[in-house]
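Read through the structure below, which is laid out as structure tokens, and then see the notes.
Protein chains in written order, with our numbering: chain A, 1 to 453; chain B, 1001 to 1453.
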């Protein structure tokens, strides 16, 4: 028979078993952490009616969408988890209680140009808090705690949550009589990290935006405000009293900073950063970016912000919210590239491999059943292979313990168990062996999934 | 602004938060159980190149496939998890160790006619064991243990794993000189449960298949063999010695039955059933179906079998395997319809809702942080609402505990905590409150996710 050469589409991540185990650990940590903060899991379809998904229309995203017909239906694959959330909340409004806090970890699709490290199918891990009409500022103050706890649980220490407030920016530009140009200005200022102050100034004074040099200087002076959180807030206080929006934003930022300690966010993991604006136009209050201090080239690994109107394309109800998103597939890829995934954590499919040494397998099977009943992930190896091949199998899969069960052990009521790392072999009772395996596994599993160098 | 009416496509399950929590519990149980048996999780793309996914071609499935183009690429959504597994194993053969045991819980797509309880997007939860060239019969014997443990962990007792062996059927038909017609015969016999023996006989003797009455009677006599496992095996022994394939199948079936007890499968959850053939042509050895004894109308909730050649369309290597699949979305739907989902298990997004009674939120936030640090899923409620509205919120979401924190409690160093079910309110230290919540949650979470009536 003619064979079709198997392949996986480019831009689609397909992991081997060991890295997949690492990915599963990360997802489990995200699920657990998000749950701790009172978010409920959601799962929405990957396919939506195009007219629903693209109600907002236009934009760069639309070109990248996987859109197709099936019968009469015009369908699209979701390109983020926010639009499906907006649809969900508008559709199920009467069945939900607000504030509605949900997390969703799911695949989204964007037909981007194939490129190393760029994915067409990728996981996003989102949380959002949606209010009905109003949403208290405390929710915005809570977000850094969730980011901090998430990355700490993953094993990171050297990260920084950078926070700003769009009202401060909008108010500032209004004070400078530059409101109309504020969008262009913010998009330009957003490039500061990448291209530097001089080039930003050139762009601001260029034909397209057309600021005077004095205006550009004022902006650069403003966004150059740095220092400790207290210092930045003090400097901002100097601008207060001239614009209502600015003052509101500053009050919000003060609240966010005020509660950091109570939320358990260390000062060193947090920075007020006036250069953060987030490209998306719909952010209206606090905005967040998260960078790995030793890997600024990765860019933000967790971003989001406050928005005033989640579902305006589906409902007249005002549904303000705040949310963040982790680009999980890209993060996983980058962590792997940087060698930051902890390879010491077990990735084997089983904790124990049982090698029966008798023709009748009853005793070996009963032992496997007993171990499984105790929560030990156990595989029976019953293929007809040489002893060496069986040990190689355990070795290649990094299965930590191998148990041999022959007539001698069965009649003596003991279990021969080899630690595949230390090489130590014991002949102990079932209970003692179980204890040894449990202690060993607890130790092997005690590390963090991400390792900083 | 004109609004787009939000909707979810028909045939796509989108759950409200409470049932979603139940679905998450089920998935977690499946992941845990599958892991216990040494299966490693996999996650493959939802989109594959059409020529790869449809290498086998033809069949009823092809019409149902979501197939589309993006740029030059001819793409399809996966319609099961078996073809992607075949591709995966053929593609990554050199990086895998065999037997390769994987589980996968993922969505698949079939554009079936929309119908109540029929889904176009649905979860399958599969396990497969793939051998390289050979695969020992013990793997087939282990499958009933996995099915049994899975359904037991979900809370079911009244289920039956029905097992047969295709070699027994093939051997039997060879003895009757009916090998050429065995496919048609098995497809007809498969309808026995639905249409009864008389109609099956009529079909067998009809123009299309054309058996003599004597032949049909011989077949009906054979598949009518029932009784305890031992009785059926004894009856089958009466046919032994005439056909090699039959004898091989009987030996395999004897092995499967022999090890049931060691694998922890109660006799009442298992039955040799000669009417089981499984429609799919590629099963070659043991085949499995699982029925809920009180709900035979649901049909099989977990099916599968042994096959000789997983990836013949991609590789010359012989890759025999055995696997089972649970149609999770349909199962969940049916359980819901039957009222079998345990509504006593917590479905709230949080275990504790904190209602701060002070303007400064520092103490309330610190308390939330402390509870979260102890693993308690905690939500702070900080919206400006009347007290009654706040309590209603906890009530509607079925949050089991509400904590009030006012100046009195803060200065006394206690926590006021109300059990929302019993109504009991306590003022205790943090540690005592934590203990009370933990004890209560353990009790609330102690039930099974599925309830038999």
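In this text, a Cβ means the ideal position worked out from N, Cα and C, and glycines have one as well.
{"Query": "Shorter than 8 Å from the beta carbon of residue 315 of chain A to some beta carbon of chain B?", "Result": "yes"}
{"Query": "Along the beta strand (DSSP E) that carries residue 35 of chain A, what are the first and last residues, could you check?", "Result": "Run containing residue 35 of chain A: none in the beta strand (DSSP E); it sits in the alpha helix (DSSP H), 17-36."}
{"Query": "Which residue from A:307, A:359, A:193, A:346 puts its Cα closest to that of residue 1255 of chain B?", "Result": "A:359"}
{"Query": "Give a yes or no on whether the minimum CB-CB distance between residue 1044 of chain B and chain A is below 8 Å.", "Result": "yes"}
{"Query": "Using a Cβ-Cβ distance cut-off of 8 Å, determine whether residue 92 of chain A contacts chain B.", "Result": "yes"}
{"Query": "Does the CB of residue 107 of chain A have a neighbour CB from chain B at under 8 Å?", "Result": "yes"}
{"Query": "Classify residue 425 of chain A: buried if its beta carbon has 16 or more other beta carbons within 10 angstroms, exposed otherwise.", "Result": "exposed"}
{"Query": "If you compare alpha carbons, which of B:1082, B:1098, B:1409, B:1157 is closest to residue 1452 of chain B?", "Result": "B:1157"}
{"Query": "Mind listing which residues of the segment 245-263 of chain A have their C-beta closer than 7 Å to chain B's C-betas, in chain order?", "Result": "259, 262, 263"}
{"Query": "Out of curiosity, what's the CA-to-CA distance linking residue 63 of chain A and residue 294 of chain A?", "Result": "34 Å"}
{"Query": "According to DSSP, simplified to helix, strand and coil, what is residue 1171 of chain B?", "Result": "helix"}
{"Query": "Could you check whether the Cβ of residue 49 of chain A sits closer than 8 Å to any Cβ belonging to chain D?", "Result": "Among the protein chains of the structure shown, namely A and B, there is no chain D."}
{"Query": "Residue 1123 of chain B: which of B:1013, B:1276, B:1448, B:1377 sits nearest, CA to CA?", "Result": "B:1013"}
{"Query": "Pull up the DSSP beta-bridge partners for residue 1417 of chain B, would you.", "Result": "B:1403, B:1426"}
{"Query": "List the DSSP bridge partners of residue 324 of chain A.", "Result": "A:127, A:304"}
{"Query": "Is there a Cβ of chain B sitting closer than 8 Å to that of residue 221 of chain A, yes or no?", "Result": "no"}
{"Query": "Can you name, in chain order, every residue of its own chain whose Cβ lies under 6 Å from the Cβ of residue 1139 of chain B, other than the five neighbours on each side?", "Result": "1129, 1322"}
{"Query": "In terms of residue numbering, what span does the beta strand (DSSP E) encompassing residue 76 of chain A cover?", "Result": "73-77"}
{"Query": "Determine the direct distance from the alpha carbon of residue 308 of chain A to that of residue 79 of chain A, and round the result to whole angstroms.", "Result": "21 Å"}
{"Query": "Residue 945 of chain B touches chain A at which residues, Cβ-Cβ below 8 Å?", "Result": "Lying outside 1001 to 1453, the shown extent of chain B, residue 945 of chain B is not represented and no answer is given."}
{"Query": "Identify whether residue 1109 of chain B lies in helix, strand or coil by the three-state DSSP scheme.", "Result": "strand"}
{"Query": "If you draw a straight line from the C-alpha of residue 1092 of chain B to the C-alpha of residue 1031 of chain B, how long is it?", "Result": "23 Å"}
{"Query": "In this structure, how does DSSP classify residue 1314 of chain B when only helix, strand and coil are distinguished?", "Result": "coil"}
{"Query": "Within its chain, find whatever has a CB closer than 6 Å to the CB of residue 148 of chain A; leave out the 5 residues flanking it on each side and keep chain order.", "Result": "265, 269"}
{"Query": "With residue 1254 of chain B as the anchor, note down where its alpha helix (DSSP H) starts and where it stops.", "Result": "1244-1258"}
{"Query": "Of all the alpha helix (DSSP H) runs that stay within the bounds of the segment 1143-1198 of chain B, which reach a length of 4 or more residues?", "Result": "1166-1175, 1182-1189, 1192-1195"}
{"Query": "Mind pulling the chain B residues with CB within less than 7 Å of residue 325 of chain A?", "Result": "None at all; the shortest Cβ gap to chain B is about 19 Å."}
{"Query": "I'd like the span of the beta strand (DSSP E) that includes residue 1379 of chain B, first residue to last.", "Result": "1378-1380"}
{"Query": "Name the DSSP bridge partner or partners of residue 292 of chain A?", "Result": "A:159"}
{"Query": "Could you round the C-beta distance between residue 1163 of chain B and residue 1273 of chain B to whole angstroms and report it? I think they count as a contact, below 8 Å.", "Result": "7 Å"}
{"Query": "When burial is assigned at 16 or more other CB atoms within 10 Å of the CB, is residue 87 of chain A buried or exposed?", "Result": "buried"}
{"Query": "What residues in its chain sit with their C-beta under 8 Å from that of residue 1208 of chain B, if we drop five residues either side in the sequence?", "Result": "1184"}
{"Query": "Is residue 70 of chain A helix, strand or coil when you go by DSSP?", "Result": "strand"}
{"Query": "Taking the straight line between their C-alpha atoms, what separation do you get for residue 1074 of chain B and residue 48 of chain A?", "Result": "20 Å"}
{"Query": "Are the segment 1186-1194 of chain B and the segment 1380-1396 of chain B touching by the rule of at least three beta carbon pairs closer than 8 Å?", "Result": "no"}
{"Query": "Decide if residue 3 of chain A is buried, meaning its Cβ has at least 16 other Cβ atoms within 10 Å, or exposed.", "Result": "exposed"}
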